[in-house]
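What follows is a short report on a single structure.
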Amino acid sequence: MARTQKSFACGACGAVYTKWQGKCDDCGEWNTISEQAASVSGAPKGLSQKKGRAVSLVSLDEPIEEAPRLLSGISELDRALGGGLVPGSAILIGGDPGIGKSTLLLQAMGAFALKGEDCVYISGEEATAQIQMRANRLGLKGAPLKLGCETSLRNILTTLDEGPAPKAVVIDSIQTLFADHVESAPGTVSQVRVCAHELINYAKRRGTVVLLVGHVTKDGQIAGPRVLEHMVDTVLYFEGDRGHQFRILRAVKNRFGGTDEIGVFEMTGKGLREVTNPSELFLADHNIREPGTCVFAGIEGSRPLLVEIQALVARSSAANPRRAVVGWDSGRLAMVLAVLDARAGLGLSGCDVYLNVAGGLKISEPAADLAVAAALISSLSQTALPDETVVFGEISLSGDVRSVSQSDNRLKEAAKLGFSRAIMPKSKKAGKSEMQQQSVSRIGDLVSQFFPEG
């Protein structure tokens, strides 16, 4: 008789161990390792002598067919997905609790169903009556959307296999499902991996778009095994601050489109509203004449985006001055402060520095370096930037200002919103623009505008 062997897995990263321990060696988390389903130690470790089936191979020059797209009815969601839903694809959507994941998918499936498509919404967290009440509030009472409340994977697949395959299926959420042949609780590594694998197989087999809602950890990462993000075709993160009404849908993985594409929404009393021009929304309360403020012309995916960066520099007598950053990388801010100290001699090491990106947006591209530096210098000198001015550029450790990509798109977006002047690095690829372009090659050129006497 084969002997059963216990196995233990980390709930944060999915690492497997032969015995229990308090700390995971892979991710460093504590108290995340739990016992998983027993495995048979006498099972063969290698393949048998049975001959397999030959795989058909194709060459690169053979003609291919473009993946057809299905428009969901929400243009910002289609933008984040790269142009729409691809039949047979699996999409994973993660976000903080209460950020609006279920509301977004209910609105998308309701709009998709109103176009005559067969859609199914299965929830393992809410009753059907609760979903109907939310749909009435969102104005989707007449949408022919099929609702279900179930957590058993076997029952869900049996229901979906009856009759014609639906165009789209929403599973809210993957952590609530359980497979009865796996001896572990719902939400564990084994259950999440098996349930996701079966649902992805169903999507490929029937040509149905499967949208999975995923819980996130305290660090903002999708809970469960990391392999879950590798299994699906697209990973979307729904970001936002509860103190702001803006919501950002960001694609971090997409096998059928580009990554870092975003969709912008505004949370209202009647659900999520699409924002077709995010720049106007993020600059709605902008006052360019205040010291310490700067408008950054950025790029999110393929979309140019203008956002206000706010900085406050205050002298401090403390041994360790405070650094507070919202919406930007704190390590990047430390680098910009070091360059301003070493290359321009501003003496910011003895000041408290507060930096904020208005509207709750998170910026990650290096092109914001020059705009952050301009906001810091403006706050330190108590001198506002000239009116109708945008800033962008990357700062190197030597103090040089390096060129960035898509300068023309940044200038076009700024000109469309009424800006007439741009502080930017020198670029040989920059095209002609109606805006007045002030090129800076070193960080000292920017500092001299605020401190003309040196």
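In this note's numbering, the protein residues as written are 113 to 566. Don't be surprised by glycine CBs; every beta carbon is placed ideally from N, CA and C. Since the model is a prediction, treat every value here as computed from it, not as a measurement.
- [ ] Return the chain-ordered list of same chain residues with a C-beta closer than 6 Å to the C-beta of I502, the five sequence neighbours on each side being excluded.
- [x] Locating residue 502 in the sequence shown gives position 390, where the first residue counts as 1. Note that residue 502 is Val in the sequence shown here, rather than Ile. Hits under 6 Å: V407, A409, A526, F531, A534.
- [ ] Have a look at the DSSP bridge pairing and note the partners of T346.
- [x] Counting from one through the sequence shown, the residue named residue 346 turns up at place 234. In the DSSP assignment, T346 is bridged to I203, N366.
TODO: State buried or exposed for E373, treating a residue as buried only when at least 16 other CB atoms are found within 10 Å of its CB.
DONE: To locate residue 373, count along the sequence shown from 1; it is residue 261. Buried, since its Cβ has 16 or more Cβ neighbours within 10 Å.
Open item on the list: Give me the DSSP bridge partner(s) of F290.
Closed with: For the purposes of this step, residue 290 is taken as the residue at position 178 of the sequence shown. Under DSSP, F290 forms a beta bridge with S264.
Open item on the list: Just list the residues that DSSP pairs K135 with in beta bridges.
Closed with: Taking the first residue of the sequence shown as 1, we reach residue 135 at position 23. Under DSSP, K135 takes part in a beta bridge, and its partners are W142.
Task: Within-7 Å CB hit, T388 to chain B - done: The structure shown contains no chain B, having only a single protein chain.
- [ ] Tell me, please, whether the region 354-373 touches the region 456-465 by the rule of three or more beta-carbon pairs shorter than 8 Å.
- [x] Cβ pair count under 8 Å is below three, so no.
- [ ] Specify, as a first and last residue, the run of the beta strand (DSSP E) that S508 falls within.
- [x] Working through the sequence shown from its first residue, we reach residue 508 at position 396. Neither: S508 is in no beta strand (DSSP E) and is coded neither H nor E.
- [ ] Say whether the region 385-395 touches the region 230-243, bearing in mind that this needs 3 or more beta-carbon pairs closer than 8 Å, one atom from each stretch.
- [x] These segments do not touch.
TODO: Check C125 in the structure and name its three-state DSSP category.
DONE: Along the sequence shown, read from residue 1 onward, the residue named residue 125 stands at position 13. In the structure shown, C125 sits in coil (DSSP, three-state: anything other than H, G, I, E or B).
Task: Span of the alpha helix (DSSP H) around A192 - done: The residue given as residue 192 occupies position 80 in the sequence shown. Unbroken alpha helix (DSSP H) run through A192: 187-192.
Task: Delimiting residues of the alpha helix (DSSP H) encompassing R249 - done: Here residue 249 refers to the residue found at position 137 of the sequence shown. DSSP places R249 inside the alpha helix (DSSP H), whose first and last residues are 240-249.
TODO: Quick one: measure Cβ to Cβ for E378 and K474, integer angstroms, because I've assumed they're closer than 8 Å.
DONE: The residue you call residue 378 lines up with position 266 of the sequence shown. The residue you call residue 474 lines up with position 362 of the sequence shown. About 17 Å separates the two Cβ atoms, so there is no contact after all.
Task: Residues of its chain near S551, where Cβ-Cβ distance is below 6 Å and the 5 sequence neighbours each way are ignored - done: Numbered from its first residue, the sequence shown carries residue 551 at position 439. Cβ contact annotation for S551 (same chain, cutoff 6 Å, sequence separation greater than five): K538, in chain order.
Task: Residue ranges of each beta strand (DSSP E) within the region 417-461, 3 or longer - done: Unbroken beta strand (DSSP E) runs of no fewer than 3 residues, entirely contained in the region 417-461, are found at 435-438, following chain order.
Open item on the list: Measuring only the C-alpha atoms, how far is S515 from V469?
Closed with: As a first step, residue 515 must be located in the sequence shown, where it is residue number 403. As a first step, residue 469 must be located in the sequence shown, where it is residue number 357. One C-alpha to the other measures close to 22 Å.
TODO: Could you give the DSSP three-state label for T130: helix, strand or coil?
DONE: Within the sequence shown, residue 130 is the residue found at index 18, counting from 1. In the structure shown, the three-state DSSP call for T130 is coil.
Open item on the list: By the three-class DSSP mapping on this structure, what secondary structure does Q550 have?
Closed with: The residue given as residue 550 occupies position 438 in the sequence shown. Of the three classes helix, strand and coil, the one that applies to Q550 here is strand, per DSSP.
Open item on the list: Under 8 Å, with one C-beta from each stretch per pair, do the region 230-237 and the region 258-278 reach the 3-pair mark?
Closed with: Contact between the region 230-237 and the region 258-278 is present, because at least three Cβ pairs lie under 8 Å.
TODO: Can you give me the Cβ contacts of L252 inside the same chain, cut-off strictly under 6 Å, excluding the 5 residues immediately before and after it?
DONE: If you number the sequence shown from 1, residue 252 lands on position 140. Contacts found: G222.
Open item on the list: So, under 8 Å CB-CB, A202 and D292 are touching, yes? Tell me the CB distance rounded to an integer number of Å.
Closed with: On the sequence shown, residue 202 is found 90 positions in, with the first residue counted as 1. On the sequence shown, residue 292 is found 180 positions in, with the first residue counted as 1. The Cβ separation is near 22 Å, so there is no contact.
TODO: Whole angstroms is fine: what's the gap from T270's alpha carbon to L418's?
DONE: As a first step, residue 270 must be located in the sequence shown, where it is residue number 158. As a first step, residue 418 must be located in the sequence shown, where it is residue number 306. Computed Cα separation, rounded: 49 Å.
TODO: Would you mind sorting K163 into buried or exposed? The rule is 16 or more other CB atoms within 10 Å of its CB.
DONE: Within the sequence shown, numbered from 1, the residue matching residue 163 stands at position 51. Within a 10 Å sphere around the beta-carbon of K163 sit fewer than 16 other beta-carbons, which makes this residue exposed.
TODO: Verify whether the separation of the beta carbon atoms of R522 and P390 is less than 7 Å.
DONE: Along the sequence shown, read from residue 1 onward, the residue named residue 522 stands at position 410. Along the sequence shown, read from residue 1 onward, the residue named residue 390 stands at position 278. Between R522 and P390, the C-beta gap is not smaller than 7 Å, which leaves the two residues out of contact.
Task: Inter-stretch contact at 8 Å, needing at least 3 Cβ pairs: the region 306-321 / the region 163-173 - done: As far as the Cβ criterion goes, the region 306-321 does not touch the region 163-173, which means the pair count is below three.
Open item on the list: Am I right that V448 and L492 are in contact with their C-beta atoms under 8 Å? What's the rounded C-beta distance?
Closed with: The sequence position of residue 448 within the sequence shown is 336, counting from 1. The sequence position of residue 492 within the sequence shown is 380, counting from 1. The pair is not a contact, with the Cβ atoms about 13 Å apart (cut-off 8 Å).
Open item on the list: With DSSP as the reference, identify every bridge partner of N389, one or two as the case may be.
Closed with: For the purposes of this step, residue 389 is taken as residue 277 along the sequence shown, with counting starting at 1. In DSSP, N389 forms no bridge with anything.
Task: Element boundaries [alpha helix (DSSP H), containing S214] - done: Within the sequence shown, the letter at position 102 stands for residue 214. Its alpha helix (DSSP H) spans residues 213-226.
TODO: For N248, count neighbouring C-beta atoms within 10 Å of its own C-beta (all shown protein chains included) and say buried if the count is 16 or more, exposed if not.
DONE: As a first step, residue 248 is located in the sequence shown; it is residue number 136 there, counting from the start. Burial check for N248: the Cβ neighbour count within 10 Å stays below 16, so the residue is exposed.
Task: For L452 and R554, the rounded distance between their alpha carbons - done: In the sequence shown, residue 554 corresponds to position 442, counting from 1. In the sequence shown, residue 452 corresponds to position 340, counting from 1. Going from the Cα of R554 to the Cα of L452 covers about 11 Å.
Task: Extent of the continuous alpha helix (DSSP H) run through D520 - done: In the sequence shown, the residue the question calls residue 520 occupies position 408. Taken as a continuous stretch (DSSP letters only), the alpha helix (DSSP H) holding D520 covers 519-528.
TODO: Pull up the CB-CB distance for I205 and V325, whole angstroms please, since I reckon it's below 8 Å.
DONE: Residue 205 sits at position 93 when you count from the first residue of the sequence shown. Residue 325 sits at position 213 when you count from the first residue of the sequence shown. About 6 Å separates the CB atoms of I205 and V325; that is less than 8 Å, so the two are in contact.
TODO: Could you check if R305 is buried or exposed, using at least 16 other CB atoms within 10 Å of its CB as the buried criterion?
DONE: The residue given as residue 305 occupies position 193 in the sequence shown. Label assigned to R305: buried.
Task: Straight-line gap, L193 to F368 (C-alpha atoms, nearest Å) - done: Here residue 193 refers to the residue found at position 81 of the sequence shown. Here residue 368 refers to the residue found at position 256 of the sequence shown. Taken atom to atom, the span from the alpha-carbon of L193 to that of F368 is near 8 Å.
TODO: Would you mind sorting S476 into buried or exposed? The rule is 16 or more other CB atoms within 10 Å of its CB.
DONE: Residue mapping note: residue 476 aligns to position 364 of the sequence shown, counting from 1. With a 10 Å radius around the Cβ and a threshold of 16 neighbouring Cβ atoms, S476 comes out exposed.
Task: Local conformation of D208 per DSSP, three classes - done: Within the sequence shown, numbered from 1, the residue matching residue 208 stands at position 96. Reduced to three states, the DSSP call for D208 is coil.
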